[in-house]
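S.K.: The numbers in the sequence shown follow this note's numbering, run straight up by one, and end at 79.
Note that CB positions come from ideal geometry on N, CA and C, so glycine has one too.
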Amino acid sequence: MDEHLAYFLELRIRLRGRAEAVAIVDRCIGMIARADGASPAEVEVIELEFEALRRDLILRFGERKPITQH
């Protein structure tokens with residue numbers, strides 16, 4: 010869990026000045042922090058939030074494209 014949180018904190022620093030991107034990262038940080046030690050009911054709420062974020066990102070950026078290796 011700590012490595013995921015550290016990744017998003019580092020990403021937040023790199024995105025300084027880009028309020029919309031920082032807001033997305035903050036949502037992720039919040040979900041990670043709440044997931045630590047969450048009850049099954051809380052995990053369900055976090056999973057719903059995750060799906061809402063996923064849908065928002067798809068609407069904004071489109072479906073994830075497959076990786077092409079050369």
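Starting from the Cα of I38, find the closest Cα among T77, L14, R73 and Q78 and give me that residue.
M.R.: For the purposes of this step, residue 38 is identified with residue 29 of the sequence shown, where counting begins at 1. When only C-alpha atoms are compared, the closest one is L14.
S.K.: How would you label V34, buried or exposed, when you count the other beta carbons within 10 angstroms and need 16 or more for buried?
M.R.: Position 25 of the sequence shown holds residue 34. By the neighbour-count rule (16 or more Cβ atoms within 10 Å), V34 is buried.
S.K.: With a floor of 4 residues, list each alpha helix (DSSP H) that falls wholly inside the stretch 27-62, ordered by position along the chain.
M.R.: DSSP runs (the alpha helix (DSSP H)) wholly in the stretch 27-62: 28-44.
S.K.: If contacts are defined as beta-carbon pairs under 8 Å, then I55 and R43 qualify, I think. What distance do you get, rounded to the angstrom?
M.R.: As a position in the sequence shown, residue 55 is number 46, starting the count at 1. As a position in the sequence shown, residue 43 is number 34, starting the count at 1. The pair is a contact, with the Cβ atoms about 6 Å apart (cut-off 8 Å).
S.K.: Can the beta-carbon of E58 be found closer than 9 Å to that of R36?
M.R.: In the sequence shown, residue 58 corresponds to position 49, counting from 1. In the sequence shown, residue 36 corresponds to position 27, counting from 1. Yes; because the gap between Cβ atoms is below 9 Å, this pair is in contact.
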